[in-house]
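Here is the structure we will look at.
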Amino acid sequence: MNVNLAGLILVFAGTASQGLAQWADPSSGIVFDAPTQSIRRIAGFPGAASLSKPLVQNLDWAVIAPSGKRGIAETQSGDFVWLEASGDEFSATRVVAPGAGPFLARWNAASNAVRIYSAACSCFFTVTLHSGQPVLTGQTQILDTASGTVQDFSWKQSITLVATDAGLYRMGISSSQLLKSADSGVTYLLEESGRVWATRGATGEILEVVQRRGEYGELRLVTADPAALSDVASIVTSGNSILAADRKTQRIRQIGLTSGVVEQSWDLDAVPGRMTSIGARPVWIVHERSKAQDPMLILDASNAPRVYFIPGGGEQ
Amino acid sequence: MGSLSRLLLLALTALPFAAQAQAPFVLRAQQGDNLTQVANGSTVTFSSSSPGTPRTIQILVTYSGTGSVTFPSGISTLGSPAFTAQLTSGNGALTPFQTATVEVVYTPTGTDSVSGELDIGYLEVSSSGAQAQRGLLTLGLSGGVPVYSLSYSTSSGGNVTALAPGGTLLFPDTLVNTTTVVPVSVVNLGGSAGKVVSVSLSGGTFAIAGLPALPLTLSPAAALAFQLTYLPRQTGGGTATLTIGLDGGVTQQYQLQGLSIVSQVAYEIVQTTGAIPLPAGQQIQFPETASGSSSQFQIRLTNTSSTDFVLSGATTTGAPFGFTNLPLLPATLAPAASVTLGASFAPLQVGQFSGSIRIGSDTFPVAGTGTGLPGYTLTGPTQVAALDQPAVTLTLSQAYPVNLTGVLTLAVASDYAPDPAVQFSSGGRTVAFTIAANSTAAVFSNGSSTVRLQTGSVASAFTLTPSFATEQGVDVTPASPTTLKFAMPASAPSLLGVQVASQTNTGLTLRLLGVATTRSLTSTTIRFTGATGFNLPNLNFTLDLTGPSSLWFNSAASQSFGGQFTLDIPFVLATSDTGTGATAPVLALQSVSATISNASGDSNATSLTLR
C-alpha cells in the first residue's frame, strides 16, 4: 500500500488526568471450577493471581469460550444453559439439549458456537449464537459405523472428526466415514486455524490429520519421542510449536512443528489434563483441581511460556 | 417331758450309787502324789507318755464296814492285756478302816487307746461272825498315750506341712533384715491327754513368738500354736534346733533351716542383643530422647527363690518416667517364673530429668535427658521479583524419631499496601507439613517435599517461619526458630503485554498490562510506527500517569491486585480525506511499542503489530 491520507494525524483521545485513560481489574480469564461447581474469574495476572468469588454457582459442568465471555453449562437442576458475560455478571439462556451429560464440548475460535457431544444420546449438536440468542443446530446422531466410545472430537463448520475406540471418523450432517481403523489409537483431537492435530494416547505420538483435496484422510507423524511423551493428555498450539501435556512425566513439552523435537519442558506439580483456553490471552488451564484446597495450574504462553499455579483455598 | 419320764430318769441315774452304797469300801486311785477317790464301777484312766512306758496307778481299797473282809478270789483284769494288777498289801483280813492296795500297771504297746476292767472279789463277815456276804468291786480301765504332731505353713496359701521329729523345717528364702513368720502347731493326735512342758530354740536368727504359758496339757485333738520367726541380718544360711519338751521327760527335736537373700527376684534389662543383669538399686540411665518421643527399657523380673513371689506394685516418680506394659497387680510369680515390665522415659521438654522406679520393694534411680529438635534448613529464594512463584523446602539436619507435624508461616512486610496475592500454592499464608519419623524431609499438604508460594507484585520483605509439634501435640519448636528471609526490592515497572482493547476505522484503544512493585507510575511512552506509505506527523506520545496511577492504586478496586494494573489508552486518528473509498485511518498504523516508568526507572518495551 502506498497511500497518503490527507491531513492524517494521530492524537491521544484525552489527557490522562481527565480520566479517559481507564484503569481496570487485571484478569487472566474465566474458568469453571469443579470443586466449587461454579464459574470464577482468575483475578490478576499469572504469578500473582487468585480465584475470585463464584460468578455463577450450582453448575454440574461448564465449558468457557476462548473469549472468556461466554460459556455453556449444565446446572445442578439439569438445565442446559448458554451463558453470556457482561463484566462479572452472567446471564443464562436455557437451551433444550437433545441429550444429557456427560458432555464433551468444543467452542469455535470466534466463541460464538459450541459443538457438543452427549454420551447419553450418542449424538452431536451445535449451539450457535444467532441474533443474540443461542440456537440449537446441527444435531447429528452417531451412526452405527461410528460406534464405540467417543474419546474426543474436533469440528469446523459442518465437519466433525470423531475419535472413538473403534477408529477415527469423519462425520458430516448425515453421513459417517471411517478414516482410520481402531489401531490408529487416536484419543485427542484439536482443530486450530483449519489444521487438525491428534495424539495417540498409548504411544504419546502427536500427529496431524492431513487434508488431501479438501478431505481428511491421512495421519502425518509430527513427533514420536517415547522418552519425552508417552501419555499425552492434550495439546495446544503456540506460534510455530505444539505444547503437549504429558501425564506420565508430569511435564509440558514444547515441540517444534517443523522439527518435531522437544525444544523446552516445564515440570508440573500435578498430573496434567485437557488444556483449556481461559481467555483472550494464550493462557490454558493444564490441571483442573479436584479439591478446593488444591491449586490450579495454568500455562501462560503470552511471552515465554511458563507454568503458574493459582492458589487453592477459598475465594480470595 | 412328762412327770413320769422325769421320775424314771432319776431312778436310773441313782442305781450306781445304790450299788456302791452296798459295797462297804472307799476306793481311791493314787498316781504319784495325786490321790483321787473313785467310785465302784467308775473308770480309771491311765496315760503313758509313750508306748512301752508303764504307768502305774495304785487303787487303795479301804474297808468301811463293821465286820471284816477278805479277798479270797484275788484280783483280776479283763480286756486289754496292757493292764496288769496285783494286790500288793492287805492280803489278809481287813478290819474296819484298814486298807488294801491294788497296783494296776498299764504298759501300752502302741499308740491306740485300749480299755479293760479291774475286778476285786471280796468276802465280808459280820462282826458277829454269823453272816458272810460275797461282793465284787469293779473299776473300768482306760489307757492311752498322747501322740504329738508338729505341722507348719510357709506359703501364703496356707498349705500345712506335717513334720516328723528329727525333720527339717525349711523356711522360705528371706530378704536380709526382713522377717519370715512360720506358724507352727503341735497337735495331740493320741487318745490320751499329754503335756507340753517346754519349747526352746538354739540358733540366733530364729525366734519363738506367740508361745502360751507352759506346761500346757493337750487333750486329745487339742493343739499348741505358736510362731517361728526368721530374721536374718546378713546373707547366707541359718540353722537352729527346735526342742519340744513333753511330759515324762520326753523331748522332740526339729531342725530349722533358712536362707537369707538380698532379693527374691533378679532383674535384667532385656535388649535385642541379650539381657543385662540389673542389680537392685542400680541407676537406670535412659538414652538421650527427643522431646515428644519416648525411650523404653524392658525390665525382666525372675523369681529366683523357691517360693512364690508376689509383685504387689510398681510405681515411678518423676513425670517423664512410667511403665508401658504393667501386668495386672498384684501378680504372683512362681519360682523361676518371669514377668517383663516396660519402663519408659517420655520427655515433653528439653532438659535433664531424674526420678525413680520402684518394683515391689526394690527401687531404681532413673535419669534421662530430653533433647530438642535437630537443626533444619529452609531452602528457597534470597530475592524475588514480582509474579515469582519460588519453591521452598524444609529439611531436618538429622532424623527425628517420631512423626512431626508443622506449619510453615509466611509473613510479609511492605512499605506499600499489602498484597493479598502473596500465598502458598495451597492458599493462604500458612501451609501444613509432616515429617515422618526417622526421616528428614518435610512433606507439605500437596504431598510433595516442595511447596511453592507466590510473591505477589508489591515490594516486600518475606519471612518464612516453621513450627513443629509431635503428633501428640508436644510443641518442639526451637525457642528461636531458624527462618528464611527474602525480599522483593522496589523496581522499575514491568509491562506484561500491550493489546488492542478495541478498534474502529478512526481509532483504537491500547491496553497495557503491567506490574509496578511500588504501586506507583509516573509516565508511559507510546511509540507508533506508521505503515509503509503513510506519513504521520506525530507518532510518539508520553503521558503523565502520576495522578491517574495514584487514583488507581489508592482505589478500593486495586487493593486486591497489589501492583498489577490494566490501563486502557484511547487514540484517535483524524484525516481530512473523507472521500468515498478512502483508506481507513487505522490502517496507517503498522505497530506500536510501549514503555512505562516510575521513580525506579523505565520498564521493558513491549510491542504489538497492528496490521
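Those protein sequence lines, which keep their order, are chains A and B. 358 is the number of the first residue of the first sequence in the working numbering; add one for each residue after it. 274 is the number of the first residue of the second sequence in the working numbering; add one for each residue after it. All C-beta atoms in this analysis are idealised placements derived from N, C-alpha and C, irrespective of residue type, glycine included.
Item to complete: Given a cut-off of 8 Å, decide if A867 (chain B) and S879 (chain B) are closer than it, judged by their beta-carbon atoms.
Response: Just to set this straight, residue 879 (chain B) is Thr in the shown sequence, not Ser. Here T879 (chain B) is near A867 (chain B), since their CB atoms are less than 8 Å apart.
Discussion item. Please tell me whether Q607 (chain A) has its Cβ less than 8 Å away from any Cβ of chain B.
Written reply: With respect to chain B, the C-beta atom of Q607 (chain A) has no partner C-beta closer than 8 Å.
Discussion item. Looking at S465 (chain B): is its Cβ nearer than 8 Å to the Cβ of S579 (chain B)?
Written reply: Taking 8 Å as the cut-off, the Cβ atoms of S465 (chain B) and S579 (chain B) do not count as close.
Item to complete: Report the residues of the region 399-410 of chain A with a CB closer than 8 Å to any CB of chain B, ordered along the chain.
Response: Only A400, G401, F402, P403, G404, A405, A406, S407 from the region 399-410 of chain A bring a Cβ to less than 8 Å from some Cβ of chain B.
Discussion item. Three Cβ pairs or more, each shorter than 8 Å: is that satisfied between the region 801-814 of chain B and the region 631-649 of chain B?
Written reply: Inter-segment contact for the region 801-814 of chain B and the region 631-649 of chain B is absent: fewer than three beta-carbon pairs are separated by less than 8 Å.
Worksheet item: To the nearest angstrom, how far is it from the Cα of A454 (chain A) to the Cα of Q498 (chain A)?
Response: One C-alpha to the other measures close to 13 Å.
Fill in: Through-space distance from T743 (chain B) to V455 (chain B), alpha-carbon basis
So the two alpha carbons sit approximately 55 Å from each other.
Worksheet entry | Cβ distance (whole Å) where L414 (chain B) is taken to contact G363 (chain B) below 8 Å | Between L414 (chain B) and G363 (chain B) the beta-carbon gap is near 20 Å, outside 8 Å, which marks them as no contact.
Discussion item. Does chain B have any CB closer than 8 Å to the CB of S659 (chain A)?
Written reply: At least one chain B Cβ lies under 8 Å of S659 (chain A).
Worksheet item: With respect to the beta strand (DSSP E) encompassing G365 (chain B), which residues constitute its N-terminal and C-terminal limits?
Response: For G365 (chain B), there is no enclosing beta strand (DSSP E), as DSSP marks it with neither H nor E.
Item to complete: Check the Cβ of G729 (chain B) against every Cβ in chain A and list those closer than 7 Å, keeping chain order.
Response: By Cβ distance, chain A contributes A405.
Discussion item. Does any residue of chain B have a CB that is nearer than 8 Å to the CB of P491 (chain A)?
Written reply: No Cβ of chain B is located within less than 8 Å of the beta carbon of P491 (chain A).
Worksheet entry | Closer than 8 Å at the beta carbon, the chain A residues around F759 (chain B) | By Cβ distance, chain A contributes nothing, its closest Cβ being about 16 Å from F759 (chain B), past 8 Å.
Discussion item. If you reduce the DSSP assignment to three classes, tell me which class A476 (chain A) lands in.
Written reply: If DSSP states are grouped into helix, strand and coil, A476 (chain A) belongs with coil.
Worksheet entry | Presumed contact (8 Å Cβ cut-off) between R638 (chain A) and S659 (chain A), rounded CB distance | In this structure R638 (chain A) touches S659 (chain A) by the C-beta definition: roughly 5 Å separates them, less than 8 Å.
Worksheet item: Which partner residues of G874 (chain B) appear in the DSSP bridge assignment?
Response: G874 (chain B) is bridged to B:N871.
Worksheet entry | Under 7 Å from the C-beta of A381 (chain A): neighbouring residues of chain B | Within chain B, the residues near A381 (chain A) are T839, D841.
Discussion item. Residues of chain B with CB closer than 9 Å to the CB of P652 (chain A), please, in chain order.
Written reply: Residues of chain B whose Cβ lies closer than 9 Å to the Cβ of P652 (chain A) are, in chain order, F697, S698, S699, G700, N719, R725.
Discussion item. Here's the rule I'm using: 16 or more other beta-carbon atoms within 10 Å means buried, otherwise exposed. How should E431 (chain A) be labelled?
Written reply: Classification for E431 (chain A): buried.
Worksheet entry | Assigned secondary structure, V643 (chain A) (DSSP; H/G/I helix, E/B strand, else coil) | DSSP places V643 (chain A) in strand when its eight states are reduced to three.
Fill in: Buried or exposed (CB count within 10 angstroms, at least 16 for buried), A294 (chain B)
Bear in mind that the predicted position of A294 (chain B) carries a pLDDT of just 45, short of 50, making it unreliable; the figure below should be weighed with that in mind. Answer is exposed; the Cβ neighbour count stays below 16.
Item to complete: Please decide whether P821 (chain B) counts as near chain A, where near means a Cβ-Cβ distance under 8 Å.
Response: At least one chain A Cβ lies under 8 Å of P821 (chain B).
Worksheet entry | A878 (chain B) at chain A interface by Cβ criterion, 8 Å | No, A878 (chain B) lies away from the interface with chain A (no Cβ there is under 8 Å from its Cβ).
Item to complete: Measure from the alpha carbon of V452 (chain A) to the alpha carbon of each residue in A:L578, A:S550, A:P491, A:D445, then state which is nearest.
Response: Nearest option by C-alpha distance: A:P491.
Practice prompt. Count the C-beta pairs between the region 608-624 of chain B and the region 643-650 of chain B that are closer than 8 Å, then say yes if the count reaches three, no if not.
Written response: The region 608-624 of chain B is in contact with the region 643-650 of chain B.
Discussion item. Helix, strand or coil for N858 (chain B)? Go by DSSP, reduced to three states.
Written reply: It is Pro, not Asn, that sits at residue 858 (chain B) in the sequence shown. Correct three-state label for P858 (chain B): helix.
Discussion item. Within 10 Å of its beta-carbon, does L737 (chain B) have 16 or more other beta-carbons around it, so buried, or fewer, so exposed?
Written reply: Buried: at least 16 other Cβ atoms inside 10 Å.
Worksheet item: At what residues does the alpha helix (DSSP H) containing P821 (chain B) begin and finish?
Response: Where P821 (chain B) is concerned, the enclosing alpha helix (DSSP H) stretches over 819-826.
Worksheet entry | Whole-angstrom C-beta distance between F510 (chain A) and R463 (chain A), which should lie under 8 Å | Rounded, the Cβ-Cβ distance is 7 Å, consistent with contact.
Discussion item. Run through the DSSP bridge pairs and tell me what Q406 (chain B) is partnered with.
Written reply: B:E397.
Worksheet item: Given a limit of 8 Å on CB to CB distance, which residues of the region 641-672 of chain B reach chain A?
Response: Result list: A659, L660, D661, Q662.
Practice prompt. Measure the alpha-carbon distance for A513 (chain B) versus Q331 (chain B) and round it to whole angstroms.
Written response: Using only the alpha carbons, I get a separation of about 43 Å.
Worksheet item: Taking DSSP as the reference, what is the three-state secondary structure of A553 (chain B)?
Response: DSSP, read as helix, strand or coil, puts A553 (chain B) in coil.
Discussion item. Suppose you measure from the CA of G505 (chain A) to the CA of S730 (chain B); what does that come to, to the nearest Å?
Written reply: Per the coordinates, the alpha-carbon of G505 (chain A) lies some 50 Å from the alpha-carbon of S730 (chain B).
Worksheet entry | Positions along the region 805-818 of chain B whose CB lies within less than 9 Å of some CB in chain A | Per Cβ criterion, the list reads T805, G806, F807, N808, L809, P810, N811, L812, F814, L816, D817, L818.
Worksheet item: Excluding sequence positions up to five away, which residues of its chain have a Cβ less than 6 Å from the Cβ of G613 (chain A)?
Response: Answer for G613 (chain A): S598, E620, listed in chain order.
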